[in-house]
Structures are given as C-alpha cells and as structure tokens.
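Have a look at the structure below, then the notes.
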Amino acid sequence: MAAIGSAVGLGNVWRFPYVCFENGGGAFLIPYLVALFTAGIPLMILEFSIGHWARGAPPEALKKINKKWEWVGWFSVILPFTVALYYIVIMSWCFSYMVYALDLRWGLSANSFFTNFLGDTGNPAIFGNISFPVLIGLIALWLTVFIILYKGVKRIGKVVALTVPIPTILLIILTIRGLTLPGAVEGISYYLTPNFTSLLDANVWLAAYAQIFFSIGVAQGIIITYASFLKKKSDISNNAFIISLADAGTSFLAGFTVFSVVGYLAAQKGISIHALGEQIAGPNLTFVTYPTAISLLPFAAAFFGVIFFIALLTFGIDSAFSMIEPISESIHNKWRITKTKVVGLICLFGFFLSLLFTMGNGLHLLDIFDHFIANFGLVIVGLLECILFGWFFSLKKLRNHANKTSDIKIGIWWDILIKYVIPFVLGIILIITIFENITKPYMNHPWYILIIFGLVPIILLYIFSKIFSKLKAKKEVE
Amino acid sequence: MLAPSAIIMLVFGIVVIYGGLAYFIYRAIKTKK
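If you're matching them up, the sequences are chains A and B in order.
In this text, residue positions in the first sequence follow this note's numbering: the first is -4, and each later residue adds one.
In this text, residue positions in the second sequence follow this note's numbering: the first is 49, and each later residue adds one.
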C-alpha cells in the first residue's frame, strides 16, 4: 500500500494526460503499456527483489555487491530527498489553494492570481521575497511528514490506509462531475482519439518509456527501502504488478478528470483544446486552467475546487514522505541514530533548503531543478541499477529469490530486459537529453543559471554520496 | 459522441489496466487464502 502511495503522485494527474494528448492520444496507450510491461514492471521486480534480498536500504544493498558501489545506494536515497525539497513546496501551493477554493478567490483571472500568490519575479536570477502563504503551508507539510515518519514503518502503514484510497475516490467524484459537463465529450475525444501514425515516431516510444520511468517511483531508493520491510514470505512479483498497474490506472483515470474539465473550459471560452497547449500540464494545469474551469461551474464550484486540491494533497503526501524515508532509514541503519532524531534533523534541514523555492523566483528554480534531477539524476540511477545488478551481480540469484516467495514466477525474459533492453532505452533517453541540453539551453535560461541550479546540485549529490559511503558506520567503529 | 476508434482505445485501456489490476489483486487474495 505504501509503495502504491509513493508511486501515485502529482505527476499522474498533471503529467500523464498531457503526455498522452501530445503523443498520439489513445494510440499512446500502446507504447505506454509496452513500456509498462517491458521496463516499469521488470524494474519494480528488480527493486523489490534487491530490498527483500538485502533486507536493507539501498546503501546496504549496494554494499552487499561490492563496498565500492555503496555510493550508488547513497546517491539513490539523497536524490528523492532533493526532489522532496521542491515537491513539498508544490504541495504547499495546493494547501493554500485548498483554502482559496472555499471562496474561489482566484476568480476568472487565475493566471494573474497565481503570479501574485507566488510573488513571481518572472526571472530565475531575481529572487524577490518569500511568499508568506507558501511558507505557512511549507511549515505545516514538513511537520506532517515528520509526524508520519518519526515513529517508523507502522505509522506509515496506518497513514497510507487513508491516503491511498481517499484521493482515488475524490478523483472518481471529480471525473463523474467532469463527464457531466457540456464539452466534456470533446475533451475526452482529444484524449482518446488515436493517431496511429504517431506509433511510427521513435520519440513517442521514448516519451512512453520516460513517462513510465518517472511515474512509478523506481530509481529513487523508495521501493528498495519499502521492500526491506516486507515479511520474508511476501510475494514479490505480484506486488510489483499490482503497484505498477495501480499507478497506470490512476494516470488513465486522471486523463478523464483533466480532459473532461478542459473540454468544458474550451467550450465555455469558445476556443479549441489545442489552443490551451501547455496549459494542460504541470503547475499551469493545476493552478490556472483547472481553477478557471472550476470557477465556471454552474453549481457547487467551491466544493469541487476544495476536493480537487484535497485529492492532490493526499496524492502528494505519501509520495513526499516516501522520498524522505529512504535517506532516514539509511542514516538510521548506518550510524544507529534513533529514527526520531534522524527524521527530525532531515525535516528541519529539508525545510530550510525548501525555503529557496518559496521566493519570487521559486517557480522557475523549481522547474530547472526538476528538469535536471528527473532527466539526469533518475535516469543515471536507473541505468546504474540495471548495469550493477545485471552485469556485476547474479540476476539469476535475485530471480530465484523472487520466485521462492512469488506466485507468478519470472523467467529468463526478465534477465534480458534488465541486462539489455532497459539500459539500452535509458541510455538513449540520457544521450538525447544531454544532446538537447547542450544544443539548446533549457527554456532559454542563461547558462550560468542552468549550471548553478541544475548541474551543480547533481554534482553535489555525487560528492555527498561519496562522502556518506566513505564515513565509517557505527558498527565498524565499535 | 466519441469516435469508434476512441471507444476502442477506451475499452483497450480499461481491459488491460483495470482488468490486469483486478486479476493480480485476485491472485494475491487467492494466494493469501
């Protein structure tokens, strides 16, 4: 349940529908499902097997292959912590908007309202002031993460029993409401009408693999950490199938939630859905397009506005604490510091670092940070995991370990996917991303901004991972 | 109305994703028993 919660997050709502729409509509489901079964589920099985076999967080697991690879484990647990730094800021925006939804405070000018709310300077180089509402939300959310995590895995189990079903139910309510609105069918039509010629485009296939890879929560040390808590007899492969399909199911459902309302908005404004373009994705969708559509609802607009942001908050919270749990568990295991102290220190440290994204340039910094962390950090971890476990360890050993407790037995096909297919696809994604970033600076930002807020964090991640792996463990000192 | 091709993709998505999910949940419950 916790792994489902970590996999399903904001990206399912604000990324998948747009990626699907941009890459062939309904036809995108074909590469998406192929990517799910050839990369997502095999990687999920790999991480489940590693955690269950090693009975420890990623640094311990990697250390079991070879001590010199421990840093890869640290890299994979510090990475989600850095994601949490801005992820929680976005949740803080949702938190404020949940309150604003009570009186639909953004009115019909959601765009300028969002800009004022952030105190947006419009330039990543100009910091501006801290947004007070964002700061309040940030304190509340870091405190929530601390309260959930400091008592360990048992409390996580209780929390996810609520935070996994609640947003799904709310999403279903929003979808039903959306589907009853005028223009909804046109919206759904844009979402689902297939353009089969797009299947001949290699970029569409790469987009499908990237979407799967970024969505299901692999390569972040989360699955390995959660798997280490599983009972020895827990079913590995079945869990991997259920989590991956639950993630895909939420994304597919979110497409209806988003496009029904987008269709309604386009009908009300008398414009084509295509004209909305990138307004259907990311923060634009959540804080501008969707709220505008909510304002135009004929009745109970505030109610639907509130439940939309509650859904996002509950979708996000389990992803957020899942990003903190791997690093706290790793530090707790290595240096035998109590979980309360570790979680407290990490949350406090995280809160201060998050303040960077509450400034007037927060939206832009966050975008740059996310671009580099997701496109480089996650892909590098995924690639290293496949190479290290596929080529420097016995995959057969892991496969046998998984098969011992699993109802669905995995065969040699899994070895082939982990050793050849997934590294090949991830390698291509990485090469293309590097090429694109060199030939054209991301969003035409100045190079020094991209280096400071994009490249430097990745390099720091590597340095800290090396330092953490070199430091002596408490056991060794004794 | 949705185009027939959109309806086909809708059914395809529902069957594979939710059908698959239901199937694996069913197997998990069966194994637990």
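Where is the CB? At the ideal position from N, CA and C, for every residue including glycine.
For the pair of segments examined, the segment 82 to 96 of chain A was found to touch the segment 126 to 141 of chain A: the number of CB pairs separated by less than 8 Å reaches three.
Boundaries for T192/A: no alpha helix (DSSP H) harbours it, and the DSSP string shows neither H nor E there.
In the three-state scheme derived from DSSP, where H, G and I count as helix and E and B as strand, D115/A is classed as coil. When the five nearest sequence neighbours on each side are left out, no beta carbon in the same chain lies closer than 7 Å to the beta carbon of F72/B. In this structure, G178/A keeps its C-beta atom at 8 Å or more from the C-beta atom of A306/A. The distance from the Cβ of I45/A to that of F387/A is about 13 Å, inconsistent with a contact at the 8 Å cut-off. One finds I65 in chain B with Cβ atoms closer than 7 Å to the Cβ of A243/A, taken in chain order. Around the beta carbon of S389/A, a 10 Å sphere encloses fewer than 16 other beta carbons of the protein chains shown; the residue is thus reported as exposed.
Interface residue (Cβ-Cβ distance to chain B less than 8 Å): P278/A is not classified as such.
Taking the Cα of A276/A as reference, the smallest distance to any Cα among S1/A, V14/A, N111/A, L260/A is reached at V14/A. Fewer than three beta-carbon pairs drawn from the segment 25 to 38 of chain A and the segment 298 to 312 of chain A are found closer than 8 Å, and the two stretches are therefore not classed as touching. In its chain, beyond the 5 residues on either side, Y145 have a beta carbon closer than 7 Å to the beta carbon of T335/A.
Unbroken beta strand (DSSP E) runs of no fewer than 3 residues, entirely contained in the segment 143 to 181 of chain A, are not found. For V72/A, the enclosing alpha helix (DSSP H) starts and ends at 65 to 95.
Assigned with DSSP and collapsed to three states, Q215/A falls in coil, not helix or strand. When C-beta distances to chain B are compared with 8 Å, the residues of the segment 398 to 428 of chain A below that value are D402, I403, in chain order.
DSSP, read as helix, strand or coil, puts H47/A in helix.
Taking a cut-off of 8 Å on C-beta distances, the segment 368 to 382 of chain A touches the segment 417 to 434 of chain A, as three or more cross pairs fall below it.
As summarised for the segment 391 to 469 of chain A, the continuous alpha helix (DSSP H) elements at least 4 residues long and confined to that stretch are 407 to 411, 417 to 434, 442 to 445, 451 to 465, given in chain order. Taking a beta-carbon distance threshold of 8 Å, I77/B does not count as an interface residue toward chain A. Leaving aside the five residues that flank E65/A on each side, the residues in its chain whose CB is nearer than 7 Å to its CB run, in chain order, P54, L57, K58, S464. Classified as buried, L28/A has 16 or more neighbouring CB atoms from the shown chains inside 10 Å of its CB. Counting other Cβ atoms within 10 Å of its Cβ, D242/A reaches 16 or more and is therefore classed as buried. Look at D230/A here: in three-state DSSP terms it is coil, with no helix or strand label. In the three-state scheme derived from DSSP, where H, G and I count as helix and E and B as strand, R331/A is classed as coil.
If you draw a 10 Å sphere on the C-beta of M57/B, you find 16 or more other C-beta atoms in it, and that means buried. In this model, F70/A and P293/A are separated by some 50 Å (Cα to Cα).
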